Ligand SMILES: NC(=O)c1ccc[n+]([C@@H]2O[C@H](COP(=O)([O-])OP(=O)(O)OC[C@H]3O[C@@H](n4cnc5c(N)ncnc54)[C@H](OP(=O)(O)O)[C@@H]3O)[C@@H](O)[C@H]2O)c1
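Residue numbers (our numbering): 1 to 262.
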């Protein structure tokens, strides 16, 4: 499948986020640079980084040296909560490190520890978006209640909530709460929170001649949940991107759903 055909979800402002992205936490230095270059070569067109990961420069260098056009790569970075009050200088530093004039998605990495900071931070995110520094803005590790507070105060829903997610954390109601609010669910740590030797996953993987890890990623995509697997291993980087040559049946999806919360 050509990467241009990779499935996407639509964010406010008609911004398209590829459902498969590449995670870069703990992928730093030369290994991080290599991993992102390998990922772009393997067909990923969405890279997830954060101020906290300390690899924005390497991510930017890999994107530049991939030869791809900037507009063909979806870039996410994140605001650490301790930067409350310094939001604008933080995104400007991210843009300098990435060597781009805007990111595609900027997220609040965690809810600020002082509840009173929640709305002011969100207003700063929206202002950065309106200034053209990010095409879309969203949150990470937010509860539905915290998302509702943002919407009530500003009438602007976060484009995305990036939270820990996998078949073993599947929660139909939480997913529906996001959909109802127009918030795209982006899952992180798909493998770290999965038992890849689980018999349900190995049975379904065997039926499609793929790996349990590929089944986990395909399951996210079939639910229209963004998945951002991380790897610094070239074979895994390629295999994790090779999830568009098969699809799961409705029954298989139900069986995988059942690994999570009833
Ligand atoms: N917003 C947040 O608070 C937050 C928190 C955590 C993560 N994230 C984001 O989500 C991304 C993914 O989450 P994550 O890095 O925590 O965990 P993950 O993607 O679930 O797992 C990464 C681990 O799985 C291994 N792995 C990769 N492909 C595999 C495969 N096909 N089979 C078996 N093992 C495989 C990797 O090893 P190798 O690298 O050695 O190949 C690495 O040890 C992060 O990189 C980051 O971008 C965000």
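Where is the CB? At the ideal position from N, CA and C, for every residue including glycine.
Predicted model only: the values in this text are computed from it and were never measured.
Between the C-alpha atoms of residue 228 and residue 88 there is a straight-line separation of about 26 angstroms. In this structure, ligand 1 has no non-hydrogen atom nearer than 6 angstroms to the beta-carbon of residue 55.
With a contact defined as Cβ atoms closer than 8 angstroms, residue 198 and residue 259 qualify at about 7 angstroms. Taking a C-beta distance under 7 angstroms as the contact criterion, residue 56 and residue 97 qualify as a contact pair. Take residue 200, set aside five residues on each side of it, and the residues of its chain with a beta-carbon closer than 7 angstroms to its own are 255, 256 and 259, in chain order. Here residue 193 has 164, 165, 166, 168 and 169 as same chain residues with Cβ atoms under 8 angstroms from its own Cβ, once five neighbours each way along the sequence are excluded. Spanning the alpha carbons of residue 17 and residue 138 requires a straight line of approximately 12 angstroms. Taking 7 angstroms as the cut-off, the beta carbon of residue 162 is found no closer than this to the beta carbon of residue 105. A direct Cα-to-Cα measurement between residue 184 and residue 29 gives close to 31 angstroms.
Ligand 1 never approaches residue 59 closely enough for any of its heavy atoms to be under 6 angstroms from the residue's Cβ. Residue 6 and residue 224 have their C-alpha atoms roughly 12 angstroms apart.
A distance criterion of 6 angstroms places the beta-carbon of residue 173 beyond contact range of ligand 1, judged by its closest non-hydrogen atom. Secondary structure at residue 158: coil, using DSSP grouped into helix, strand and coil. At least one heavy atom of ligand 1 lies closer than 6 angstroms to the C-beta of residue 190.
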